[in-house]
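Number of protein chains: 4
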Amino acid sequence: MAYQRILEEIHHEVSPLFGQGQVADYIEPLKQVDPQKFGMAIETLDGECYQLGDAEERFSIQSVSKVFNLALALAVSRVGNDLWKRVDMEPSGNPFNSLVQLEYENGIPRNPFINAGALLVIDVLLDHLTDINADMLAFVRELRCSDIHYDKTVANSEKLTGYNNAALVNFMKGQGNIFHGVDQVLDAYFHQCSIAMTCAGLARSMLFLANGGVVPGSGKRILTVSQTKQINAIMLTCGFYDESGKFAYRVGMPGKSGVGGGIVAVIPGKLSIAVWSPELNKNGNSVLGIKALELFTTKTGLSIF
Amino acid sequence: MAYQRILEEIHHEVSPLFGQGQVADYIEPLKQVDPQKFGMAIETLDGECYQLGDAEERFSIQSVSKVFNLALALAVSRVGNDLWKRVDMEPSGNPFNSLVQLEYENGIPRNPFINAGALLVIDVLLDHLTDINADMLAFVRELRCSDIHYDKTVANSEKLTGYNNAALVNFMKGQGNIFHGVDQVLDAYFHQCSIAMTCAGLARSMLFLANGGVVPGSGKRILTVSQTKQINAIMLTCGFYDESGKFAYRVGMPGKSGVGGGIVAVIPGKLSIAVWSPELNKNGNSVLGIKALELFTTKTGLSIF
Amino acid sequence: MAYQRILEEIHHEVSPLFGQGQVADYIEPLKQVDPQKFGMAIETLDGECYQLGDAEERFSIQSVSKVFNLALALAVSRVGNDLWKRVDMEPSGNPFNSLVQLEYENGIPRNPFINAGALLVIDVLLDHLTDINADMLAFVRELRCSDIHYDKTVANSEKLTGYNNAALVNFMKGQGNIFHGVDQVLDAYFHQCSIAMTCAGLARSMLFLANGGVVPGSGKRILTVSQTKQINAIMLTCGFYDESGKFAYRVGMPGKSGVGGGIVAVIPGKLSIAVWSPELNKNGNSVLGIKALELFTTKTGLSIF
Amino acid sequence: MAYQRILEEIHHEVSPLFGQGQVADYIEPLKQVDPQKFGMAIETLDGECYQLGDAEERFSIQSVSKVFNLALALAVSRVGNDLWKRVDMEPSGNPFNSLVQLEYENGIPRNPFINAGALLVIDVLLDHLTDINADMLAFVRELRCSDIHYDKTVANSEKLTGYNNAALVNFMKGQGNIFHGVDQVLDAYFHQCSIAMTCAGLARSMLFLANGGVVPGSGKRILTVSQTKQINAIMLTCGFYDESGKFAYRVGMPGKSGVGGGIVAVIPGKLSIAVWSPELNKNGNSVLGIKALELFTTKTGLSIF
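Protein chains in written order, with this note's numbering: chain A, 677 to 981; chain B, 677 to 981; chain C, 677 to 981; chain D, 677 to 981.
1) Rounded to whole angstroms, what is the Cα-Cα separation between B/Val755 and B/Ser902?
2) Since A/His867 and A/Ala831 are thought to touch, with beta carbons under 8 Å apart, how far apart are those beta carbons, to the nearest angstrom?
3) In the segment 697 to 709 of chain C, which residues sit with their C-beta less than 7 Å from some C-beta in chain D, listed in chain order?
4) Compare the C-alpha of B/Arg734 against each of B/Leu885, B/Val963, B/Lys946, B/Thr874 and name the closest.
5) Answer with buried or exposed for D/Leu844, where buried requires no fewer than 16 other C-beta atoms within 10 angstroms of its C-beta.
6) When Cβ atoms are compared, which residues of the segment 773 to 794 of chain D fall closer than 7 Å to chain A?
7) How many Å lie between D/Lys946 and B/Asn841 at the Cα?
8) For a cutoff of 9 Å on Cβ pairs, would you count B/Phe981 as touching chain C?
9) Do we get a CB-CB distance below 9 Å when we pair D/Thr904 with the residues of chain A?
10) If you reduce the DSSP assignment to three classes, tell me which class B/Gln712 lands in.
11) D/Ser953 and D/Glu719 look like a contact to me (Cβ under 8 Å); what is the Cβ gap, rounded to whole Å?
12) So D/Ser741 and D/Ile871 are in contact, right, with Cβ under 8 Å, and what is the actual spacing, rounded?
13) Short check: CB of B/Cys914 to CB of B/Pro788, under 9 Å?
14) So is D/Phe772 buried or exposed if we call it buried at 16+ other beta carbons inside 10 Å?
15) Is there a C-beta anywhere in chain D that falls below 9 Å from the one on C/Phe694?
16) Going by beta-carbon coordinates alone, are B/Gly960 and B/Val935 separated by less than 9 Å?
17) C/Met911 and C/Leu978 - do their beta-carbons sit closer together than 9 Å?
18) Specify the secondary structure class of B/Ser902 as computed by DSSP and reduced to three states.
19) Which of the three DSSP states is assigned to A/Gly756 in this structure?
20) Can a CB atom of chain A be found closer than 9 Å to the CB of B/Phe847?
21) Less than 9 Å separating the beta-carbons of B/Leu883 and B/Leu819?
22) State yes or no: is the beta carbon of C/Thr837 nearer than 9 Å to at least one beta carbon in chain D?
23) In this structure, does DSSP put D/Leu956 in helix, strand or coil?
24) Closest to C/Pro785 by CA distance: which of C/Gln851, C/Ala909, C/Leu836 is it?
25) Out of curiosity, what's the CA-to-CA distance linking C/Ser691 and B/Val752?
26) Assign C/Asp859 to buried or exposed, taking buried as 16 or more other Cβ atoms, counted over all protein chains shown, within 10 Å of its Cβ.
27) Which full runs of the beta strand (DSSP E) of 3+ residues lie inside the segment 803 to 885 of chain A, going along the chain?
28) Could you compute how far the alpha carbon of B/Ile737 sits from the alpha carbon of B/Val699?
29) So C/Ser920 contacts chain B; which residues on that side make the cut at Cβ distance below 9 Å?
30) Closest by CA to D/Asp863, which one among D/Leu796, D/Val816, D/Ile824?
31) Under a three-way DSSP split, which group does C/Ala792 fall into?
32) Please look up how many angstroms separate the CB atoms of D/Leu667 and D/Gly938, rounded, as I've assumed it's under 8 Å.
33) Buried or exposed, going by whether 16 or more other CB atoms sit within 10 Å of the CB of A/Asn791?
34) Distance cutoff 9 Å, beta carbons only. Does C/Leu796 sit that close to anything in chain D?
35) Leaving out five residues before and five after C/Lys761 in sequence, what residues of the same chain have Cβ atoms less than 6 Å from its Cβ?
36) Should B/Val890 be flagged as near chain A, meaning a C-beta pair shorter than 9 Å?
Here you go:
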């Protein structure tokens with residue numbers, strides 16, 4: 677399969693969609709991103725890499741970092757498995773965002789990929805890590821991606837406008853489901869949101885999820901086969917907010933999106949793929965990114981279904 | 677009408693209810709209150725005072741302070757009337773407390789007597805007052821009640837466990853409906869909750885609401901006739917959380933309760949009455965307090981209906 | 677107090693509001709009503725009557741009939757008081773209408789004045805009455821109003837479009853809270869909605885609610901003093917859908933509105949008043965009707981607060 | 677892979693779970709089913725069949741029929757694709773069942789596998805089919821399963837207690853999203869729920885979903901490759917009510933369950949598998965059935981992830 681040519685076809689076919697979405701504008705640093713940016717990268721288990729466009733340019737991965745967050749939590753908390761007592765793994769199905777659901781369900785977030793869930797996972801990580809911000813970078817570097825850093829401007833902006841996230845942590849703490857300090861949890865969260873990576877780096881670092889939990893190249897086992905399948909399952913059912921069902925229907929790959937316009941997805945046993953295009957649809961997912969991945973599965977015939 | 681004798685009859689008739697409710701236990705200082713405490717006080721526009729039991733003992737008035745909060749806001753914000761753009765005046769009808777409703781209604785609290793609404797009113801007050809905590813005490817003293825102070829132990833306990841209130845303020849700030857600092861708003865709120873007064877003081881200080889907004893004795897006008905009726909209307913429709921309808925049905929007086937076990941109510945043109953009994957029903961209202969007021973209206977035939 | 681002159685002043689002052697609302701359009705017969713209609717009628721306990729405009733013209737009273745429905749249920753079910761086990765008396769506080777609340781609260785309607793609650797009250801009435809439609813007319817005639825009939829065109833139109841009400845009855849029956857046949861309950865409900873009366877008739881028939889439950893003139897006791905106060909309390913807290921709080925705040929009278937543009941209200945111990953003006957605000961209450969009643973209480977100084 | 681032996685191991689390992697669930701009891705015919713029943717059947721694309729226990733005994737497939745319902749709708753409505761304008765494909769995420777969500781989303785069901793969604797799909801089918809009940813049986817027979825019939829006792833019981841489903845259809849019709857008669861839609865729905873099949877028949881008839889839409893053996897194409905993937909995606913994200921996420925996490929196969937205790941699932945490109953065990957967990961899914969499928973994927977290493 678000539679992936680490079682497929683990437684070029686996809687680029688050609690999605691280009692007419694520029695202008696149909698809106699760049700995230702709740703913080704200044706995201707607002708200023710050039711909406712015309714477009715990058716794609718593929719990494720295969722055969723060791724091949726394919727890139728297109730702005731694949732080597734760093735962008736704010738935002739909620740894509742929730743995959744690293746969950747993976748790290750599963751990796752470090754192997755002994756006690758209390759994570760799943762404190763966060764559920766069901767799709768949220770709630771277009772109104774999550775305070776409503778949190779309240780109805782007594783402070784148990786629906787899954788680790790909604791904000792409340794990611795904040796809860798951070799609280800679990802704080803039990804195990806002494807320097808969560810440093811450990812997170814170290815973890816991603818172990819996934820063979822060194823081109824990663826926290827964008828302090830983004831982290832600060834998130835903090836200044838992060839009242840909704842503060843509401844979530846405070847509410848969960850009021851319900852007894854957050855054990856560490858509110859500010860400590862929020863600080864780590866805003867740092868994760870500010871992680872800057874490239875499409876190439878994202879595809880490379882997520883490849884272990886297509887490889888049963890083992891980092892290709894280094895051979896280092898990060899997660900058990902079972903844990904790896906579980907993350908893929910959660911990406912499929914919960915990876916795209918209230919558009920997860922449609923992404924499964926149209927694309928058929930486990931994946932995760934972020935409001936920076938990035939999406940990463942995997943075909944277990946085959947490859948990982950990352951796209952970046954900043955314009956978002958009303959659900960907060962990249963317009964061109966989703967279309968690009970749909971075209972990818974159509975053209976290659978790859979799909980988990 | 678021999679009010680003193682009626683008070684004694686009421687005391688006799690409600691006594692069998694001791695033990696049917698639970699003292700508030702979310703903070704230590706409330707938990708330690710003797711559940712057997714019972715006080716009543718009546719102040720009439722004729723200048724008469726009647727008391728029974730622990731009517732001169734101070735207790736934590738908690739949410740009863742929301743009436744002072746709203747009255748002060750109406751008093752100081754006479755010019756701009758933007759209060760009602762930022763908080764509604766409808767019953768909340770929500771047994772799940774208010775984060776759900778706040779989210780569905782984009783950060784506009786349903787009324788000034790739910791927590792979110794009181795926090796919002798404080799934010800309005802902060803526009804007008806330089807020392808809100810001192811000004812609040814001064815305001816109540818103007819209502820002819822000098823036996824009032826903040827109970828610092830209560831205020832600190834509220835603060836230590838006040839995550840749900842922090843969630844409310846943060847959420848509203850995220851929605852753009854809180855203009856001052858989160859901590860500043862919360863501090864004033866926890867102070868208000870910690871106000872300690874006696875039944876006698878409560879009845880006296882609320883008498884202006886039965887008198888068209890004018891403090892009997894001093895003759896000082898606090899609110900216009902119209903504003904006074906409005907507070908009474910809001911007390912009637914929203915004064916007892918999710919039991920407001922039943923209180924109107926059973927008692928038929930505008931009033932407000934607090935989880936300290938206090939209730940204050942008025943018969944416009946006639947009198948004000950305060951009860952204190954710490955045991956609460958599942959809605960957070962005083963078991964004996966509500967029954968006492970029901971008996972009061974039955975025995976006297978007084979009712980706004 | 678020169679009520680006639682006050683009515684004329686009110687008429688003059690509300691006239692500029694014509695055109696600000698929308699006539700109900702979900703069924704043809706309501707859609708065709710002349711939006712310029714305006715009538716008012718007052719009946720006092722002194723035996724005086726005042727009228728203005730179209731006060732003698734019949735219109736579709738719609739949900740105002742829910743007051744008769746509840747009053748009749750209280751009148752006939754004096755023995756068993758199981759009504760309040762099957763319907764609550766709290767404001768609904770739900771702008772989304774009532775299926776949501778019904779489901780969260782297991783088929784117990786919030787109060788007798790929302791659709792679900794009125795349907796439930798009918799189910800209770802069906803236990804006691806052999807011909808509910810005839811008995812309802814007889815009941816209102818006993819209230820000294822003979823100018824009343826069912827408008828079959830309206831009843832049929834309601835039936836043809838009444839799927840939401842059918843959903844409510846079916847849901848409550850599924851929850852075990854409706855004992856009679858779905859169609860039987862709906863038929864009586866659609867009949868009640870179709871009752872046509874005049875402002876004069878409405879004011880006259882509701883006067884017993886200002887008179888402690890006794891029909892002035894005939895002296896017949898319909899309800900106990902206590903039951904009468906309870907209906908007034910429920911009208912005050914629940915009579916205007918999600919605008920009940922604002923009506924209490926602005927007007928300060930127990931009352932009930934209907935989407936036909938009619939409103940009836942009472943000042944206990946004094947009078948009853950009815951207004952009709954078909955243009956509705958977004959909450960389904962008459963724009964001119966509410967303003968007229970607000971002016972009435974302002975001009976007369978009458979208010980329960 | 678020695679499937680027969682694996683089936684036997686599974687049977688052995690799940691047996692201790694008997695007694696942990698509850699047989700469905702909302703209708704008499706389900707209540708009377710022997711809770712000890714247990715059957716499994718596998719059909720592979722290689723043409724092999726494996727069975728265990730009560731695999732040849734017919735049971736009420738209940739909501740498993742929603743897969744046939746959706747497949748038939750996609751098969752007959754190839755031209756106009758308005759189905760997805762009237763029903764969404766997102767997980768419902770709503771533990772309260774679906775009236776709440778239906779109301780918030782204006783009568784658009786979340787997906788075709790919740791009751792509201794299946795009723796909507798039937799309404800679409802009624803546009804295309806002249807005898808929906810007969811056509812449905814014919815459709816399943818085309819899938820090489822002849823051992824199928826409607827259990828009239830079940831259908832009648834469903835009808836007698838089906839008030840919640842009647843509420844759903846009425847509500848959607850009130851919202852303009854149901855075009856056919858309420859009773860007509862319900863009748864077809866209750867018939868589908870009453871379909872009786874065997875594990876062997878279920879596995880055989882669903883095998884086309886593992887085969888890109890083509891019935892193995894006959895070679896008849898029922899759906900396009902793309903439509904087939906889409907049904908699998910919807911089964912994965914929505915097939916197990918509010919346990920869909922956990923099923924994906926634990927089992928990793930697209931599937932669908934019913935309150936009769938049946939579950940069917942597929943591994944695309946490989947096989948289909950059916951289990952029957954009547955005891956249900958609190959989410960309405962078969963306790964032993966889910967465990968059996970989890971063991972199956974663990975023992976075989978098969979999973980879409």
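For glycine and all other residues, C-beta sits at the position ideal for the given N, C-alpha and C.
Quick answer:
1) At B/Val755 the pLDDT is 49, less than 50, meaning the model places this residue with poor confidence and gives no usable figure here.
2) Your pair A/His867 and A/Ala831 checks out as a contact, with CB atoms roughly 5 Å apart and the cut at 8 Å.
3) none
4) B/Thr874
5) By the Cβ-count criterion, D/Leu844 is buried, with 16 or more other Cβ atoms from all chains shown falling within 10 Å of its own Cβ.
6) Arg786, Asn787
7) 54 Å
8) It does; some Cβ of chain C falls within 9 Å.
9) Using beta-carbon distances, D/Thr904 counts as an interface residue toward chain A, with a partner under 9 Å.
10) Three-state result, B/Gln712: coil.
11) D/Ser953 to D/Glu719, Cβ: 19 Å. No contact.
12) 5 Å
13) yes
14) Here D/Phe772 scores only 45 on pLDDT, less than 50, and its place in the model is too uncertain to base an answer on.
15) no
16) yes
17) At the C-beta level, C/Leu978 and C/Met911 stay beyond 9 Å of one another.
18) helix
19) With a pLDDT of only 48 at A/Gly756, under 50, the local geometry of the prediction cannot be trusted, and the value read off the model is given with reservation. In this structure, A/Gly756 counts as coil in the three-state DSSP scheme.
20) Using a Cβ-Cβ cut-off of 9 Å, B/Phe847 counts as an interface residue toward chain A, since at least one Cβ of chain A sits closer than that to its own.
21) yes
22) yes
23) strand
24) C/Gln851
25) 34 Å
26) exposed
27) 871 to 873
28) Rounded to whole angstroms, the gap between the alpha carbons of B/Ile737 and B/Val699 is 14 Å.
29) Chain order gives the chain B residues near C/Ser920 as Glu766, Pro767, Thr913, where near means a beta carbon separation below 9 Å.
30) D/Leu796
31) helix
32) A query on residue 667 of chain D cannot be resolved here, the shown segment of chain D reaching from 677 to 981 and no further.
33) Buried, by the Cβ-count rule.
34) no
35) none
36) No, no contact with chain A.
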